[in-house]
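Below is one structure, written out as structure tokens, with a few remarks after it.
2 protein chains.
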Amino acid sequence: MSAHVQDVFMLFGDSITQGAWEPGYTGIGQRLSHVYARRLDVLNRGYSGYNTEWGLPVLEQCLAKKDAVNVPKIRVLTIWFGANDACIKPSPQHVPLEKFKDNLRRMVDLVHSPSSPFYSPDTRVILITAPPVNTIKRKADLESRDPPVELDRLFDVTKAYAEAVLEIAREKDVGVVDAWAPMWEGSGRDERELSKYLGDGLHLTEAGYKIVYDSLIQVIAEKYPDVHFERLGFAFTPWKDIDWESPAGSLDLKKP
Amino acid sequence: MSAHVQDVFMLFGDSITQGAWEPGYTGIGQRLSHVYARRLDVLNRGYSGYNTEWGLPVLEQCLAKKDAVNVPKIRVLTIWFGANDACIKPSPQHVPLEKFKDNLRRMVDLVHSPSSPFYSPDTRVILITAPPVNTIKRKADLESRDPPVELDRLFDVTKAYAEAVLEIAREKDVGVVDAWAPMWEGSGRDERELSKYLGDGLHLTEAGYKIVYDSLIQVIAEKYPDVHFERLGFAFTPWKDIDWESPAGSLDLKKP
């Protein structure tokens with residue numbers, strides 16, 4: 001069985017999180033796995049198609065109670081929803097905006113409320129907004145299916161859900177990464193130009209993930225420097241620091 | 001704290017394992033993280049510069065005792081050493097061939113021997129051989145350093161360590177991936193042509209990792225089909241199988 005030798009960097013969200021290690025390009029999962037190697041285990045808790053309504057009971061099960069033994073601390077928890085909640089009716093993924101905001105509050109409270117069984121005041125929570133949606137691409141994608149599907153997301157609706165994430169982050173005083181504004185600005189506020197960040201109108205390209213990664217590391221550096229990868233030591237010592245003549249003592253786990 | 005919702009795929013080894021999520025190309029870590037998403041947590045237990053002598057006490061600490069609670073099972077454990085053990089004297093990384101073989105035996109026994117405190121008969125162990133070394137590239141790399149360093153690895157010595165891994169895998173009846181032969185054959189048995197698999201003479205390129213990934217998945221499919229990613233269900237249900245009207249019951253963790 002696997003021992004607890006490293007604490008955890010948990011990425012919680014929908015398909016944009018689940019797909020963050022997709023081969024063929026460099027996503028945010030791969031980048032974080034690389035820089036946090038030997039420091040934190042970067043765990044994929046992304047669930048394609050999920051909204052906050054379905055994500056909330058899943059998050060409760062991904063958290064261990066505060067008195068659990070043998071379990072790693074979650075040093076960083078990113079919560080990245082909105083792309084599916086912002087689906088319009090009659091999509092079963094639709095979650096009303098106020099309900100979406102309340103679900104985000106409840107997710108943060110699971111970790112940060114002293115009355116929560118999962119209370120973990122040291123866990124650094126970072127919300128991430130949905131990216132813009134390229135409805136031109138998305139419409140073409142859905143219309144090409146057999147049978148064709150009607151457009152399920154609108155540009156301004158997704159924007160409102162992204163803004164709601166910023167609002168909840170301010171309200172709860174947690175970190176936030178705005179994935180919406182820099183992609184919109186970087187596209188010259190032209191929906192057609194969003195393709196460089198969103199391959200199918202919805203999911204991120206390498207350039208899209210890079211924007212989010214850079215912003216995430218900046219938020220960590222500024223707001224939560226204790227969990228910046230450069231501030232976390234290796235769980236096991238670099239090989240040049242091993243006592244080569246008598247290695248045993250220098251190979252003990254540095255307790256996370 | 002992080003709950004145990006998925007079992008573990010542990011990659012244990014040296015820098016070739018540690019670097020398997022390196023950005024800019026698709027390594028074996030990224031590929032495994034992707035296909036095992038929502039199934040197993042793929043953990044990086046790679047330690048740059050380590051040999052089996054230093055790795056053995058680290059492995060003991062990465063394993064939990066068989067009666068530990070709350071800890072995930074290791075469903076697959078890859079053990080990938082040899083590239084550093086095969087360094088020649090006076091390198092501090094050098095481990096004599098017989099000692100290397102004995103260390104590999106002891107690593108397998110930690111998991112598979114009934115008398116081990118870490119006994120886990122269901123853990124699927126797969127040894128991976130070192131790749132060939134391109135001594136032309138490696139020599140040039142070392143000579144370009146300040147101060148210059150003498151060549152620390154020889155082609156035939158690394159080959160002997162790779163063959164030793166095949167031998168121990170047969171002896172212990174565990175899975176094995178030969179990273180040596182297909183790269184050597186794929187280079188037309190010409191050391192200069194190894195560059196397509198080994199960027200600096202020692203560490204793998206995307207093409208090198210792809211050979212190892214394909215062979216690893218084939219070994220799993222043939223010898224350990226129970227841990228093939230296609231045979232493992234999702235920890236949490238696909239969104240289209242959620243009961244949209246009354247989701248709670250359909251969102252329970254499928255116990256790993």
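Residue numbers (full-length UniProt numbering), protein chains in the order written: chain A, 1 to 256; chain B, 1 to 256. C-beta: ideal position from N, C-alpha, C; glycine also.
Work out the CA separation of residue j and residue i for me, nearest whole Å.
i: P57(B); j: H228(B); result: 29 Å
i: I128(B); j: I168(B); result: 11 Å
i: N84(B); j: G249(A); result: 21 Å
i: F9(B); j: V174(B); result: 16 Å
i: D200(B); j: K139(B); result: 10 Å
i: L104(B); j: K89(B); result: 20 Å
i: F234(A); j: E191(B); result: 35 Å
i: K159(B); j: R189(B); result: 13 Å
i: K172(B); j: V219(B); result: 15 Å
i: E193(B); j: S187(B); result: 5 Å
i: W244(A); j: Q93(B); result: 9 Å
i: T17(B); j: I28(B); result: 8 Å
i: E163(B); j: W180(A); result: 53 Å
i: K149(A); j: P114(B); result: Position check: residue 149(A) holds Val in this sequence, whereas Lys was assumed. So the two alpha carbons sit approximately 57 Å from each other.
i: D146(B); j: D152(B); result: 16 Å
i: T52(A); j: P121(A); result: 22 Å
i: I126(B); j: V108(B); result: 9 Å
i: V95(A); j: V165(A); result: 14 Å
i: R31(B); j: T123(B); result: 21 Å
i: K255(B); j: P225(B); result: 19 Å
i: E222(B); j: V76(B); result: 14 Å
i: D67(B); j: G24(A); result: 41 Å
Tell me which same chain residues have a C-beta within less than 7 Å of the C-beta of residue i, skipping the five on either side of it?
i: N70(B); result: H4
i: residue 321(A); result: The requested residue 321(A) does not occur in the structure, where chain A is confined to residues 1 to 256.
i: residue 257(B); result: Past the edges of chain B, shown from 1 to 256, lies residue 257(B), and the structure says nothing about it.
i: Y213(B); result: I28, R31
i: D141(A); result: D200, G201
When the cut-off is 9 Å and only beta carbons count, does residue i lie next to chain A?
i: D252(B); result: yes
i: A162(B); result: no
i: K159(B); result: no
i: M107(B); result: no
i: C62(B); result: yes
i: D41(B); result: yes
i: N103(B); result: no
i: A37(B); result: yes
i: K240(B); result: yes
i: G201(B); result: no
i: H112(B); result: no
i: A68(B); result: yes
i: G29(B); result: yes
i: Y197(B); result: no
i: G82(B); result: no
i: G49(B); result: yes
i: V133(B); result: no
For residue i, write down the residues that DSSP places opposite it in a beta bridge.
i: G46(A); result: G13(A)
i: V8(A); result: D41(A), I74(A)
i: V176(A); result: L127(A)
i: S2(B); result: L63(A)
i: L253(A); result: Answer by DSSP bridge pairing: none, since L253(A) is not bridged.
i: L198(B); result: L204(B)
i: W80(B); result: G13(B), I128(B)
Among residues of its own chain, excluding the 5 on either side of residue i, which ones have a beta-carbon nearer than 6 Å to its beta-carbon?
i: K196(B); result: A207
i: L216(B); result: V177
i: E143(B); result: none
i: A64(A); result: V71
What is the C-beta distance between residue i and residue j, in whole angstroms, given that I count them as a contact (C-beta under 8 Å)?
i: P132(A); j: F155(A); result: 7 Å
i: H203(B); j: G46(B); result: Not really, about 11 Å apart at Cβ, beyond 8 Å.
i: W54(A); j: L253(B); result: About 13 Å; that fails the 8 Å criterion.
i: L59(B); j: Q6(B); result: In fact, because the Cβ distance is near 21 Å, the residues do not count as touching under 8 Å.
i: F118(A); j: L110(A); result: 5 Å
i: L97(B); j: Y50(B); result: 17 Å between Cβ atoms; not a contact.
i: A37(B); j: N134(A); result: The pair is not a contact, with the Cβ atoms about 25 Å apart (cut-off 8 Å).
i: I74(A); j: S2(B); result: 5 Å
i: H34(A); j: W80(B); result: Contact doesn't hold; Cβ gap of about 17 Å is too wide.
Taking only beta-carbon atoms, is residue i less than 9 Å away from chain B?
i: G24(A); result: yes
i: I128(A); result: no
i: H4(A); result: yes
i: F155(A); result: no
i: A248(A); result: yes
i: E150(A); result: no
i: M215(A); result: At residue 215(A) the sequence reads Ser, which differs from the Met that was named. It does not: the Cβ of S215(A) has no partner Cβ on chain B nearer than 9 Å.
i: E143(A); result: no
i: Q218(A); result: no
By Cβ distance, which residues of its chain are closer than 8 Å to residue i, with the 5 residues on each side in sequence left out?
i: T26(B); result: E206, Y209, K210
i: C62(B); result: M10, F12, R45
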